[in-house]
Amino acid sequence: GWGGAGDRLGAFQFGAPTGDWFRKNIQFPWFRYHLKGGERPAIPRAAVFDTGQNRWNEFASWPPRSQSQAMGLGADGGASLDGKAMSGEKSYVSDPANPVRFTETKGGGTPSAYMAEDQRFLAERTDVLTFRTDPLTNALTLGGTVEANLRAIVDGTDADFVVKLIDERPDGTLALVRWDIMRGKFRDSFERPSPLPQGKPVNVKVPMNDVMHTFLPGHRITVQIQSSIFPLLDRNTHRYEDLYKATVYHPAKISILCGGKNGSRLTLPVLK
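When we follow the working numbering, the leftmost residue of the sequence shown carries the number 379, and every step to the right adds one.
In structure tokens, the structure reads:
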């Protein structure tokens, strides 16, 4: 929290006590002005910490002006920033009897460190797809909303789509940057859910919470796709039904369609 040093999240260090900077430059000037008066402090409209470069950035508004960059997901497991993702599909079977865990940590509660956890603990699972760019030659800074645009085929009538944005470091560490989920039946509307078209291609958008992160030279942008994140979120029966009354959970084959004009991709907010 802001009352502490804020120099790390789990195993990942931020290079400096971010909490000290926040209290000195944001919190204390704000309280001093509103409690004691005096000259209005020059507090930025948005102060955001870049978790790749480990430094604070100040913006006149948020999100800042950015350039949308499509990153295609390839059938060979590659991820391409130049529109050359390999066409085809990658498939997996999501089994509610063996869901993907949200953390390697065992025990109760929700450890906050999972939000930046090394995702290598899932490397051997066949129900987690991985896509990765070549090592970057130049730094790439993202600021704003990342959105995954998936095209998929499901042999059930509902499924969850979990997408993770990961910073793969040169030592192989898979540092989680951001993740989010879309339950298939809510892909068009949360107020008016509808079943997935069984066995037919369907588009599913997965918007993520805003990010401020720089992928450094030599790092890779890695994406993982899975269909459970248990027990953080409940399992999907893969049937269009009331999950609170369901008694039978079914496995489902899920295929992610890649490459070409309509293939699965991420839209990245790149800061220049």
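The beta carbon of each residue, even a glycine, is placed where N, CA and C say it ideally should be. Keep in mind it's a predicted model, so treat the numbers as computed, not measured.
Could you tell me the alpha carbon to alpha carbon distance between residue i and residue j, rounded to whole angstroms?
i, j, result
"residue 640", "residue 531", "13 Å"
"residue 582", "residue 562", "7 Å"
"residue 403", "residue 409", "11 Å"
"residue 596", "residue 550", "11 Å"
"residue 593", "residue 431", "8 Å"
"residue 599", "residue 588", "16 Å"
"residue 450", "residue 554", "19 Å"
"residue 590", "residue 521", "5 Å"
"residue 483", "residue 566", "34 Å"
"residue 569", "residue 604", "25 Å"
"residue 539", "residue 607", "10 Å"
"residue 399", "residue 418", "19 Å"
"residue 485", "residue 414", "47 Å"
"residue 622", "residue 474", "15 Å"
"residue 617", "residue 506", "20 Å"
"residue 559", "residue 613", "12 Å"
"residue 462", "residue 572", "33 Å"
"residue 441", "residue 395", "24 Å"
How many whole angstroms separate the CB atoms of residue i and residue j, which I take to be in contact at a CB cut-off of 8 Å?
i, j, result
"residue 424", "residue 437", "4 Å"
"residue 635", "residue 479", "Contact flag wrong, Cβ pair sits at about 27 Å."
"residue 524", "residue 556", "6 Å"
"residue 490", "residue 649", "Going by Cβ atoms, the distance from residue 490 to residue 649 rounds to 27 Å, so no, they are not a contact pair."
"residue 397", "residue 416", "With a Cβ gap of about 24 Å, residue 397 and residue 416 do not count as contacting."
Could you spell out where the beta strand (DSSP E) holding residue i opens and where it closes?
i, result
"residue 548", "It is not in any beta strand (DSSP E) - residue 548 carries neither H nor E in the DSSP assignment."
"residue 433", "433 to 437"
"residue 470", "466 to 472"
"residue 500", "Residue 500 -> no beta strand (DSSP E), and no H or E assigned at all."
"residue 591", "589 to 593"
"residue 427", "424 to 428"
"residue 608", "No beta strand (DSSP E) contains residue 608, which DSSP labels as neither H nor E."
"residue 481", "Per DSSP, residue 481 belongs to no beta strand (DSSP E) and is neither H nor E."
"residue 625", "Looking at the DSSP string, residue 625 is not in any beta strand (DSSP E), and its letter there is neither H nor E."
"residue 581", "580 to 585"
Is the shortest distance between the beta-carbon of residue i and the beta-carbons of chain B less than 8 Å?
i, result
"residue 395", "Given the protein chain composition of this structure (a single chain), no chain B is represented."
From what residue to what residue does the alpha helix (DSSP H) around residue i run?
i, result
"residue 397", "396 to 400"
"residue 412", "406 to 414"
Whose C-alpha, out of the options, is nearest the C-alpha of residue i?
i, options, result
"residue 510", "566, 412 and 542", "542"
"residue 526", "385, 441, 604 and 645", "645"
"residue 458", "601, 624, 491 and 617", "601"
"residue 428", "393, 406, 456 and 388", "393"
"residue 544", "508, 572 and 573", "508"
"residue 652", "515, 513, 547 and 577", "With the chain covering 379 to 650 only, the question about residue 652 has no answer from this structure."
"residue 497", "552, 397 and 391", "552"
"residue 439", "452, 422, 476 and 454", "422"
"residue 386", "433, 405, 412 and 411", "433"
"residue 455", "446, 448, 447 and 465", "465"
Tell me, please, whether the region 455 to 472 touches the region 629 to 639 by the rule of three or more beta-carbon pairs shorter than 8 Å. yes
Give a yes or no on contact between the region 500 to 507 and the region 621 to 628, applying the rule of three or more CB pairs nearer than 8 Å. no
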